[in-house]
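Notes to accompany the following structure.
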Amino acid sequence: MPSASTAAAVADTPQRLRGKAAVQQYIGKKMSGAEIFLHALEAEDARVVFGHPGGAVIHVYDEMARVQPNFKHVLVRHEQGGTHAAEGYAKATGEVGTVLVTSGPGATNTVTGIADAFMDSVPIVVFTGQVPLPLIGNDAFQETDTLGVTRSITKHNYLVRAPEDIPRIVHEAYHLARTGRPGPVVVDLPKDVLMAEGVFRFNEAIRMRGYSVPHECDEVRLRRAVRMIESSQRPLLYVGGGVINANACEALTEFARHMNIPVTTSLHGLGAFPEDDPLSLGMLGMHGMWWANQAVQHADLIIAVGARFDDRVTGMVDRWAPHAAIIHIEIDKSCISKNIYADLAFNADARAVLEELRPLVRPRKVKRWLNKIRDWRKECPLSYADDGELRPQFVLERLRAKTGGNAVAITDVGQNQMWAAQYLKFTQPRSHITSGGLGTMGFSLPAALGAGLGLRAYGIDKTVISINGDGGFMMNAQELAVAAAHGVPLKVVIMNNNFLGMVRQWQELFHENRFSHTDLTDTNPDFVQLARASRCAAFRAERPDQVEDVIDQAWAVDDRPAVMEFRVVKEEMVFPMVPAGKSSDEMITSRHAPETFV
Amino acid sequence: MNQDTLTLTPQQLIRKRAAGEPVEPGAPPQIHQRIINVLLENSMGALIRVVNMFSARGFNLDSVAVGVTDDPTISRLCIVTSGNERVISQILRQLNRLVDTIQVDDVTGADFVERELCIIKVRCRGAKRAEVLQVNEIFRGRVVDVTPDVLALEIVGPTRKVDAFVNLMRPHGIDEIARSGRVAMQRAPQPEHGPEHD
Chain A
151 MPSASTAAAV ADTPQRLRGK AAVQQYIGKK MSGAEIFLHA LEAEDARVVF GHPGGAVIHV
211 YDEMARVQPN FKHVLVRHEQ GGTHAAEGYA KATGEVGTVL VTSGPGATNT VTGIADAFMD
271 SVPIVVFTGQ VPLPLIGNDA FQETDTLGVT RSITKHNYLV RAPEDIPRIV HEAYHLARTG
331 RPGPVVVDLP KDVLMAEGVF RFNEAIRMRG YSVPHECDEV RLRRAVRMIE SSQRPLLYVG
391 GGVINANACE ALTEFARHMN IPVTTSLHGL GAFPEDDPLS LGMLGMHGMW WANQAVQHAD
451 LIIAVGARFD DRVTGMVDRW APHAAIIHIE IDKSCISKNI YADLAFNADA RAVLEELRPL
511 VRPRKVKRWL NKIRDWRKEC PLSYADDGEL RPQFVLERLR AKTGGNAVAI TDVGQNQMWA
571 AQYLKFTQPR SHITSGGLGT MGFSLPAALG AGLGLRAYGI DKTVISINGD GGFMMNAQEL
631 AVAAAHGVPL KVVIMNNNFL GMVRQWQELF HENRFSHTDL TDTNPDFVQL ARASRCAAFR
691 AERPDQVEDV IDQAWAVDDR PAVMEFRVVK EEMVFPMVPA GKSSDEMITS RHAPETFV
Chain B
-19 MNQDTLTLTP QQLIRKRAAG EPVEPGAPPQ IHQRIINVLL ENSMGALIRV VNMFSARGFN
41 LDSVAVGVTD DPTISRLCIV TSGNERVISQ ILRQLNRLVD TIQVDDVTGA DFVERELCII
101 KVRCRGAKRA EVLQVNEIFR GRVVDVTPDV LALEIVGPTR KVDAFVNLMR PHGIDEIARS
161 GRVAMQRAPQ PEHGPEHD
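Residue numbers (my numbering), protein chains in the order written: chain A, 151 to 748; chain B, -19 to 178.
And the structure:
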């Protein structure tokens, strides 16, 4: 039998204290489940709730009008937009995002966002209405088995059965979402539980005997790591989003500079290590830098931190990093030795391990290795044609120049996402937000809305740029009006090539130019008109010489979103590229060199 | 573009061995059957989370036996599964990752007692009946139901014993069979685990 359950202490962050203070006055009072729920959210210091009302949660909305809780409710126009907005909020601020929707279709519409948050370790809590408990299972109006539907895409999910349970379950849900490897938690709220009366009680201690945050970082492991690092000739740090989640970017940067180890990052790791540092190799993987992949294939030691060896990183697993021993620092044990065997693993918080390890290791003398990487860098640099046509890479370079990197870029999925990853040169954590694992088109705009409102709620003044293709933009374009309504001055970029560009690229490279159902010319709206109809400012550039002007005009708008449509060349492709399932040795570097580049 | 075994780097060999993947060309995959005990919150939906995880991640689930423990808030699962080293280690870690799992033990390597219960209806009359009852006696089975044509027998033991009994009954004509799936428990205090999956 396991030992008696232990209560996890909850750190007294300013947010925590603010939450506690907000609900003191309600403790011990009798009220409806719906009101208990609102105060439970206040106790978690949820500052923005992205929601959409409906029958099953109507009492929550009713109490919201009556009680006036201290958080801001943002009415999104589609529940999927709500979940992505919560993700953007969470990723930009590092706090838990909150969603409130009704039962049935309200709940099922959140599924894509929940799955996205699960893949990308984003802390969000999604509250779904449910039909009254006695009706569950009867195919009642707007009934869906939300627990069943979300079981395999959540870190955990709950069905609440009594109003008194609400504060405990809400507290556990936020704790689960935030700690360890972050992720989405769903709480299903039956209508009768929200209507019933109960006493508001709030206990801060968390008692979950099946859940704890691991810390496997002992003397033996540390000594072994030191030996492995000190005996390596060609070490490499491979950094993922876990470093940002663990607030370990500073520790990582010190670690890398102290030891003189070059750093490559996954898509989600962008921003964890400044790309203007000479040790930075930028992104690795399918559309990563050629030199970064070369470094992987030649390294004799890879220290993976907060990364999960996704197939977009490794390509063919059997051929990835064939000479490298692996040290894996990772909070989620199931990610260790899942795709690539780890010779040494720290199942622990990244910051703690990096900070413990750094003073133990002497700086590495790896001049030859760094020179080798410098040569690779010269051999195959990023490039695009400078021929008077408007190309997306040029637009991104101009955007980078405008912001100096001091902005949050939220990208959609596809070519726009990969070009942004290659050209925006991120230097700050939480300055790059994207849908990586699930690859959800339509992510960027609602996530930017959430990020903008989140930064505002925490008093952080940063420009939020939403970067889209014309395909993905249309998938959640309804949230544009929401951003306008709340006066969020998003800078919305649409790279319009009138194509589903990434699919088009694969069709050209691997499917003999059969552009099956990827041409959007006939179905795309006039984006400038669409934006203006949604109460946004809108501008368009068709030639490179108009780009600067459009960007300046957009940046001058400060009370609503500014949409910039760039009519870019449709044939442009993202290079270099490791074709799916191929080895990282086999990068295609241009349209004209489809043969293996070794 | 496939590399053959001869050109594998030392590091690639280490990875293949650790995963339990065959290193020599043509060698059979190293698939082992494992018995995993799980202590689980005895709450609505906890069991389905475990079973769902197996199906969602494509793991084998040969049998599951579940029942409440002496603590009514905890139930105990005995899972029989199979796979190579990499797969088994993933199964254990994914089980541990579930919030409702309190403890996960791979008992396969340890000294454990294992039992399965089987109720079997055998068609037999006359002299045949004496023969069936004799075998039942040898296996220390119990007769739980009798009709002129059918004997229902209950047999308890390790899976191999139950298998053997079922095979002996087969020629007589099995009407119906119900097996509980395995349950297992370690004998001694729990020994230290190896480094693979702790």
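Beta carbons: idealized from backbone N, C-alpha and C, even for Gly.
These numbers come from a predicted model, not from an experiment.
Residue i classed as buried or exposed, judged by whether at least 16 other C-beta atoms fall within 10 angstroms
{"i": "A:T673", "result": "exposed"}
{"i": "A:K241", "result": "buried"}
{"i": "A:M568", "result": "buried"}
{"i": "B:P(-10)", "result": "exposed"}
{"i": "B:V112", "result": "buried"}
{"i": "A:S666", "result": "exposed"}
{"i": "A:E662", "result": "exposed"}
{"i": "B:S23", "result": "exposed"}
{"i": "A:L605", "result": "buried"}
{"i": "A:P579", "result": "buried"}
{"i": "A:V614", "result": "buried"}
{"i": "A:N353", "result": "exposed"}
{"i": "A:R664", "result": "exposed"}
Rounded C-alpha distance that separates residue i from residue j
{"i": "A:D133", "j": "A:G587", "result": "A query on residue 133 of chain A cannot be resolved here, the shown segment of chain A reaching from 151 to 748 and no further."}
{"i": "A:R654", "j": "A:P711", "result": "29 angstroms"}
{"i": "A:Q565", "j": "A:V249", "result": "29 angstroms"}
{"i": "B:E96", "j": "A:R359", "result": "30 angstroms"}
{"i": "B:R66", "j": "A:V463", "result": "20 angstroms"}
{"i": "B:T5", "j": "B:Q70", "result": "Checking the sequence, you will find Pro at residue 5 of chain B rather than Thr. The alpha-carbon atoms of B:P5 and B:Q70 are separated by roughly 25 angstroms."}
{"i": "A:G435", "j": "A:G465", "result": "7 angstroms"}
{"i": "A:D735", "j": "A:L595", "result": "35 angstroms"}
{"i": "A:N307", "j": "B:I154", "result": "44 angstroms"}
{"i": "A:L386", "j": "A:P531", "result": "20 angstroms"}
{"i": "A:W470", "j": "A:R524", "result": "21 angstroms"}
{"i": "B:A90", "j": "B:L72", "result": "16 angstroms"}
{"i": "A:R407", "j": "A:L504", "result": "12 angstroms"}
{"i": "A:Y534", "j": "A:L372", "result": "45 angstroms"}
{"i": "A:D676", "j": "A:F649", "result": "14 angstroms"}
{"i": "A:A557", "j": "A:Q543", "result": "18 angstroms"}
{"i": "B:Q166", "j": "A:K483", "result": "25 angstroms"}
{"i": "A:D499", "j": "B:K101", "result": "57 angstroms"}
{"i": "A:R384", "j": "A:H478", "result": "16 angstroms"}
{"i": "B:M33", "j": "A:V261", "result": "18 angstroms"}
{"i": "A:S155", "j": "A:A172", "result": "Low confidence applies to A:S155: its pLDDT is 43, below 50, so where it sits in the model is not reliable, and the reading given next is rough at best. So the alpha carbons of these two residues sit roughly 29 angstroms apart."}
Within chain A, partners of residue i - CB distance below 8 angstroms
{"i": "B:M29", "result": "Sequence inspection shows Arg at residue 29 of chain B; the Met mentioned does not correspond to that position. Chain A residues near B:R29: R301."}
Listed by chain order, chain B residues near residue i by CB distance under 8 angstroms
{"i": "A:M358", "result": "V79"}
{"i": "A:Y534", "result": "Within 8 angstroms Cβ-Cβ: nothing; A:Y534 doesn't reach chain B, min ~29 angstroms."}
{"i": "A:L612", "result": "Checking the sequence shown, residue 612 of chain A turns out to be Lys, not Leu. Near A:K612 there are no residues of chain B at all, since even the closest Cβ is about 34 angstroms away, more than 8 angstroms."}
C-beta contact flag for residue i and residue j at 8 angstroms
{"i": "B:V124", "j": "B:C58", "result": "no"}
{"i": "A:N626", "j": "A:Q174", "result": "no"}
{"i": "A:V337", "j": "A:A355", "result": "no"}
{"i": "A:L167", "j": "A:V320", "result": "no"}
{"i": "A:L339", "j": "A:V363", "result": "no"}
{"i": "A:R357", "j": "A:P317", "result": "no"}
{"i": "B:C98", "j": "B:V146", "result": "yes"}
{"i": "A:G456", "j": "A:G390", "result": "yes"}
{"i": "A:L451", "j": "A:M433", "result": "no"}
{"i": "A:G298", "j": "A:G256", "result": "no"}
{"i": "A:A631", "j": "A:R227", "result": "yes"}
7 angstroms Cβ cut-off: residues of chain B touching residue i
{"i": "A:A474", "result": "Q(-9)"}
{"i": "A:Y361", "result": "V79"}
{"i": "A:K488", "result": "Q70"}
Beta-carbon neighbours of residue i, restricted to chain A and to distances below 9 angstroms
{"i": "B:I(-6)", "result": "A475, Y491 and D493"}
{"i": "B:S160", "result": "The premise fails here: B:S160 is roughly 23 angstroms from chain A at the closest Cβ pair, so nothing lies under 9 angstroms."}
Proximal chain A residues relative to residue i, where beta-carbon distance stays under 7 angstroms
{"i": "B:Q25", "result": "A small fix is needed here, since residue 25 of chain B is Gly in this sequence, not Gln. Correct list: L297."}
Contacts of residue i in chain B (Cβ-Cβ under 9 angstroms)
{"i": "A:L599", "result": "Under the 9 angstroms cutoff, chain B gives no residues; its nearest Cβ is about 30 angstroms from A:L599."}
Inside the stretch 318 to 353 of chain A only - alpha helix (DSSP H) runs reaching at least 4 residues | Entirely contained in the stretch 318 to 353 of chain A, the alpha helix (DSSP H) runs reaching 4 residues are, in chain order, 341 to 345.
What alpha helix (DSSP H) runs, 4 residues minimum, are completely inside the stretch 232 to 311 of chain A?
-> As for any alpha helix (DSSP H) of minimum length 4 sitting wholly inside the stretch 232 to 311 of chain A, the runs are 255 to 259, 261 to 269 and 296 to 300, ordered along the chain.
Tell me the start and end of each unbroken beta strand (DSSP E) in the stretch 44 to 117 of chain B that is at least 3 residues and wholly inside, in chain order.
-> With a minimum length of 3 residues, the unbroken runs of beta strand (DSSP E) contained wholly in the stretch 44 to 117 of chain B fall at 54 to 63, 81 to 86 and 92 to 103.
What are the start and end residues of each continuous alpha helix (DSSP H) run of 4 or more residues lying completely inside the stretch 377 to 456 of chain A, in chain order?
-> Runs of the alpha helix (DSSP H) inside the stretch 377 to 456 of chain A: 392 to 395, 399 to 409 and 440 to 448.
Every unbroken alpha helix (DSSP H) inside the stretch 616 to 669 of chain A [4 residues or more] | Counting only runs of 4 or more, we get 620 to 623, 629 to 635 and 651 to 660.
Ranges of the alpha helix (DSSP H) found wholly within the stretch 539 to 588 of chain A, counting only runs of at least 4 | Those alpha helix (DSSP H) runs which fall completely within the stretch 539 to 588 of chain A and span 4+ residues are 542 to 553 and 565 to 573.
Considering only residues of the stretch 680 to 717 of chain A, which uninterrupted beta strand (DSSP E) runs meet the minimum length of 3 residues and lie entirely inside it, listed in chain order?
-> Runs of beta strand (DSSP E) with 3 or more residues, each lying fully within the stretch 680 to 717 of chain A, are found at 687 to 691 and 712 to 717, listed in chain order.
Fully enclosed by the stretch 490 to 547 of chain A, which alpha helix (DSSP H) runs are 4 residues long or longer?
-> The stretch 490 to 547 of chain A contains, as complete alpha helix (DSSP H) runs of 4+ residues, the segments 500 to 507 and 517 to 529 (chain order).
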